[in-house]
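Accompanying notes for the structure given below.
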Amino acid sequence: MNPALDELFPYPFERQRVLLEGVQSPATLPPINMGIGEPQHATPAIITDGLTQNMHLLGKYPASAGSPEVRCAIGDWIASRNGTLLDPDRSILPVSGTREALFGFAQAVVDPSKGPAVLLPNPFYQIYEGAALLAGAEPVYVPTPKENGYLPDWSAVPQEVWPRVQLAYVCSPGNPCGSVFGAADWKDIFDLSDKYGFVVASDECYSEIYKGRQPMGALQAGHLERLVVFNSLSKRSSAPGLRSGFVAGDPTVIEKYLLYRAYHGAAPSLMVQAASA
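Under our numbering, the first residue of the sequence shown is numbered 58, with each subsequent residue one higher.
This is the structure in structure tokens:
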């Protein structure tokens with residue numbers, strides 16, 4: 058078996074399930090759900106209708122790159138949301154949920170022959186760590202202290218590590234702290250990417266959960282080289298069971314990731330793509 062599997066910790070919600078097995082909350086108190094954090098609103102009818110109206114597409118295989126319709130729909134949303142125009146044929150891919158994509162992306166990016174390091178904010182979504190370990194990289198945990206607004210403190214990364222960094226995961230709005238990157242914060246990570254040549258994976262799955270000012274996305278910062286953004290319908294559209302998300306960004310990186318995905322996995326089913334569009 059792959060020895061890197063021994064470095065993985067049990068998935069936190071599986072550990073929690075065991076810890077809470079048989080526990081009953083007091084009848085006089087409302088329970089606080091500390092589970093996986095599912096949306097509490099009904100899935101919109103436009104999605105459920107899209108599924109039922111396209112059931113006939115279950116008889117067809119989806120292309121690895123997804124349908125032109127869903128790629129264009131994603132591109133239109135990105136343009137409306139971020140003011141950024143991307144080529145739907147070269148810079149956008151639908152994926153079966155961003156969990157799969159965030160994990161697989163490291164496998165495609167990391168060159169294990171060069172003593173690679175992968176940066177991840179701490180605390181972090183556990184998929185980042187597992188992805189780094191199974192790609193043969195060293196996870197480097199970047200603190201997100203209160204005095205830094207719970208944003209990554211890049212100065213805490215040892216200087217000798219930077220030349221080995223091949224991939225940096227960032228998450229804005231952050232999970233679990235809710236911290237949001239501004240223009241200066243995006244510039245900081247992009248300047249480091251330019252200096253050391255690593256890829257930035259921007260996890261923006263919480264981008265549509267906010268009050269007041271809309272959080273700034275990475276694509277709004279005007280830097281596309283070595284950047285790939287991840288987003289999903291799970292949170293913003295109360296559809297986690299749809300398993301529908303996208304990756305978008307640098308067409309050179311997307312091209313290589315598509316090559317990897319053609320072997321590793323498949324695009325969402327055509328009926329899911331139609332409902333997503």
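From the three backbone atoms N, C-alpha and C, an ideal C-beta is built for every residue, glycine too.
Minimum C-alpha distance to residue i - residue among the options
i, options, result
"methionine 328", "Trp243, Tyr118 and Pro272", "Tyr118"
"glutamine 216", "Leu249, Val257 and Ala130", "Leu249"
"lysine 252", "Arg283, Glu261, Ser229 and Ile266", "Arg283"
"leucine 62", "Gly193, Asp106 and Leu115", "Gly193"
"proline 180", "Glu195, Ala163, Gly161 and Thr201", "Thr201"
"aspartate 168", "Cys228, Gly306, Ala99 and Phe255", "Phe255"
"aspartate 210", "Pro178, Ser229, Pro230 and Lys171", "Pro178"
"proline 145", "Glu312, Arg300 and Val237", "Glu312"
"phenylalanine 238", "Gln81, Glu204 and Ala278", "Ala278"
"valine 285", "Lys268, Val304 and Gly269", "Val304"
"proline 101", "Tyr314, Lys292 and Met58", "Lys292"
"alanine 332", "Leu315, Tyr68 and Arg300", "Arg300"
"serine 236", "Ser212, Thr155, Tyr207 and Lys268", "Tyr207"
"isoleucine 135", "Gln183, Ala240 and Glu261", "Glu261"
"aspartate 307", "Ser170, Val166, Leu65 and Gly107", "Val166"
"valine 310", "Gln164, Tyr198 and Lys203", "Gln164"
Cβ neighbour criterion (16 or more within 10 Å) applied to residue i
i, result
"isoleucine 93", "exposed"
"alanine 334", "buried"
"asparagine 90", "exposed"
"isoleucine 103", "exposed"
"isoleucine 266", "exposed"
"asparagine 288", "buried"
"serine 259", "buried"
"phenylalanine 162", "buried"
"serine 82", "exposed"
"glycine 116", "exposed"
"valine 23", "Residue 23 is absent from the model: the chain starts at 58 and stops at 334."
"serine 229", "buried"
"alanine 319", "exposed"
"leucine 77", "exposed"
"proline 173", "buried"
"glutamine 97", "exposed"
"arginine 74", "exposed"
"tyrosine 182", "buried"
Identity of the residues DSSP links to residue i by a beta bridge
i, result
"tryptophan 287", "What sits at residue 287 in the sequence shown is phenylalanine, not tryptophan. Beta-bridge pairing links phenylalanine 287 to Asp260 and Val304."
"proline 196", "Val175"
N- and C-terminal bounds of the beta strand (DSSP E) containing residue i
i, result
"tyrosine 226", "222-228"
"proline 151", "149-152"
Range of the contiguous alpha helix (DSSP H) that encloses residue i
i, result
"leucine 190", "183-191"
"threonine 155", "155-166"
"glutamate 64", "Run containing glutamate 64: none; DSSP gives neither H nor E here."
"isoleucine 131", "125-139"
"phenylalanine 247", "240-253"
"glutamine 330", "327-333"
"leucine 108", "102-109"
Near the ligand FAD: residue i beta-carbon under 7 Å from a heavy atom
i, result
"leucine 143", "Absence of the ligand FAD is noted for the structure shown, with no ligands found whatsoever."
The region 136-149 / the region 269-289 touching (three or more Cβ pairs under 8 Å): yes
Contact between the region 237-245 and the region 103-112 (3+ Cβ pairs under 8 Å): no
Cβ contact check for the region 311-324 and the region 287-299: 3 or more pairs under 8 Å: no
Three CB pairs or more closer than 8 Å across the region 182-189 and the region 211-221: no
Cβ pair count under 8 Å reaching 3, the region 118-130 against the region 147-162: yes
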